[in-house]
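Okay, so the sequence shown: first residue is 2 according to this note's numbering, each after it adds one.
Built from N, CA and C at the ideal position, the CB exists for glycine as well.
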Amino acid sequence: MAETDPREAAGATSWAVSAGAETEGTAHAHCPAWVRDLNIWTDEGLHRDPYPQYAELRSYPIGRSDRLGGYYVISRYDDVLAVLQDAVNFSNEHLFVPPTRDPSGRRIPIELDPPEHGLYKRMLAGFFSPQWTRRFEPTVRGIVRDLLAPHVGRSELEFMSSVAVPLPFRAMAVAFGLPPGDADLLRGWDDQMRSGTSDLDARKRASASVRVKLLGYFADLTAARRAEPIAPADGLVGMVDALVAARVGEDKRELELDEMANICVTMWNASLHTTANVLGNTMVHLAARPDLRDRLVADPSVIREALEELMRYESIVAQARLVRGEVTVGGRAMRPGDHVVTLTGSAGRDAAVYEDPDSIDFDRPVKKHLMFGAGLHRCIGSHVARMELRVALEEIHATFPHYRADPARPSRRHTGLERGTESLHLLLGAA
Ligand code: HEM
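Laid out in structure tokens, this is it:
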């Protein structure tokens, strides 16, 4: 879950799927040209607004593109869920198309398959538990208040750079137990990686170089903490110290330094722009709908439900999988070595599951969504992310009850690996 990218809608030819499984050849023959040519990461149409193309993809229902080494596009809710829940036939070894291998090895735990994956997952899920998250909430509330305070009395705010992006950086710096000031250093590397180019290959190279720096940083930090453990004054043990203390496997061994660094980098990267993008996307929709905003101002207890609905409305993550077995999804036969891309954003708009899926309804009876994935690799940080998002919305609505989108400066959005928001200009005073 990182990097960004763009698409084009052309022939609206629809191709029916027969009751039996089709082979790759027949799938190809019936696929409309725009699907066969679809670069899921860089398509301009998807960047602007992915939902019309997602709706068309769901009607096929399994598309196949020749680009990026060739891959199937999984767009219906039931099919996305089936793939995510089947860790035997769908491996996490390649989460990107075309498949890439980082020289530093597979990312722990997200690129591991069972049984190796379970060793780490059990330990990490225990750390980011609901209990730990409850104790962490006052810290997050303090961070949100600090971020909002300089804007009180002002008339406008660029939400992404002022609140949505700094919030997870600061919160995770505390959650990890980083030395004070290091969040800014790590934020600087991240900015460096994201600025300057829209070329996907150049961004991949920048991302690989920042990964090397992060691995070095966390290897040094875990080594220092192993030599000299710290006991936090508030008793809230950070993740780095929890890893140093952890014992894994049947022989209850300590983690190696490179394992700890690998885990820290995966967790760090997974926890930042995901949360920032969900918060930004949520505010894009609330800022455009004063009726929804007013309801949250009048009754903050609705915020939990509102968040679930907005996460369904824009589930942001697209993940690839490597096919390991002979398996059929949505009537399409797949073979070992094939690649698929699952679109949780499309699953969230599937009319087979949600009534009137393109409207935002806080009182919707069906609350489920795939924003945090499903199955073995379901998000470890969902409790902490939900808390961060809820606390942010509580504080924003208490502090700026009249915010709305600035019509002169429309928000900039993107899709790709994650659907997100690059800028969101808000007017803060009463209209
Ligand atoms: C709103 C914010 C977030 C979203 C939308 C999100 C989404 C996801 C999704 C969809 C997956 C599944 C990936 C897959 O199936 O391949 C995932 C996995 C993961 N997430 Fe999150 N995430 C968020 C926040 C966080 C946070 C705050 C952390 C850390 C504290 C985190 C750590 C992870 C890790 C380590 C995995 C891999 C789990 C595994 O492989 O078993 N995420 N996340």
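- The stretch 140-150 and the stretch 283-296 do not touch, with fewer than three beta-carbon pairs separated by less than 8 angstroms.
- In this structure, the ligand HEM has a non-hydrogen atom nearer than 7 angstroms to the beta-carbon of Met268.
- For Ala334, the uninterrupted beta strand (DSSP E) segment begins and ends at Arg333 to Met335.
- Within the same chain, and ignoring the five residues on either side of Pro301 in sequence, the residues whose Cβ sits closer than 6 angstroms to its Cβ are Glu395.
- With a cutoff of 7 angstroms, Leu120 does not count as near the ligand HEM, since its C-beta is closer than that to no heavy atom of the ligand.
- In this structure the stretch 178-185 does not touch the stretch 400-407; the number of beta carbon pairs closer than 8 angstroms is below three.
- The Cβ atoms of Ala321 and His340 lie closer than 8 angstroms to each other.
- Contact annotation: the stretch 47-59 touches the stretch 409-417, with at least three C-beta pairs closer than 8 angstroms.
- The continuous alpha helix (DSSP H) containing Leu186 extends over residues Asp183 to Arg195.
- In this structure, Leu215 sits near Trp269, with a CB-CB distance shorter than 8 angstroms.
- Contact between Cys265 and Phe170 does not hold, since the beta-carbon distance rounds to 14 angstroms and is not under 8 angstroms.
- Per the coordinates, the alpha-carbon of Gly239 lies some 7 angstroms from the alpha-carbon of Val175.
- Remark: the shortest separation between the CB of Met161 and any heavy atom of the ligand HEM does not fall under 7 angstroms.
- Apart from the 5 residues on each side of it in sequence, Arg313 sits with its Cβ closer than 6 angstroms to the Cβ of Gly349 and His370 in its chain, given in chain order.
- Its chain contains Asn93, Glu94 and Leu96 as the residues whose beta carbon lies nearer than 7 angstroms to that of Glu112, once the 5 sequence neighbours on both sides are disregarded; these appear in chain order.
- When secondary structure is reduced to three states using DSSP, Leu418 falls in the coil class, being assigned neither helix nor strand.
- Counting along the chain, no beta strand (DSSP E) covers Thr275; the unbroken alpha helix (DSSP H) around it starts and ends at His274 to Ala289.
- Taking the Cα positions, Trp42 is about 6 angstroms away from Leu418.
- With fewer than 16 other Cβ atoms inside 10 Å of its own Cβ, Arg123 counts as exposed.
- When only Cα atoms are considered, Leu429 and Arg155 end up about 7 angstroms apart.
- Per DSSP, the beta bridge partners of Tyr73 are Arg65 and Val341.
- Within its own chain, the residues whose Cβ lies closer than 7 angstroms to the Cβ of Ala83, once the five positions on either side in sequence are excluded, are Val330, listed in chain order.
- For Val74, the CB contacts under 8 angstroms within the same chain, skipping 5 residues up- and downstream, are Val36, Leu39, Ile41, Leu58, Ile63, Gly64, Arg65, Ser66, Val341, Val342 and Leu344 in chain order.
- Pairing Gly127 with Arg410, the inter-Cα distance amounts to about 43 angstroms.
- Exclusion of Arg135 from the 7 angstroms shell around the ligand HEM follows from its C-beta lying no nearer than that to any non-hydrogen atom of the ligand.
- Bounds of the alpha helix (DSSP H) holding Ala393 are Ser383 to Thr400.
- Sequence-distant Cβ neighbours of Pro131 in its own chain, meaning closer than 8 angstroms and more than five residues away, are His384.
- Here Val241 really is in contact with Arg226; their C-beta atoms are around 6 angstroms apart, less than 8 angstroms.
- The beta-carbon distance between Val392 and Val211, rounded to whole angstroms, is 28 angstroms. This is too long to meet the 8 angstroms contact definition.
- Residue nearest to His378 within the set Val98, His426 and Thr267 is Thr267 (criterion: CA-CA distance).
- If you draw a straight line from the Cα of Arg206 to the Cα of Val249, it comes to about 33 angstroms.
- Counting every other CB atom within 10 Å of its CB across the protein chains shown gives Asp235 a total below 16, marking it as exposed.
- The ligand HEM never approaches Arg294 closely enough for any of its heavy atoms to be under 7 angstroms from the residue's Cβ.
- Rounded to whole angstroms, Ala165 and Phe373 show a C-alpha spacing of 18 angstroms.
- When C-alpha distances from Gly346 are compared across Ala289, Arg290 and Asp79, the shortest belongs to Asp79.
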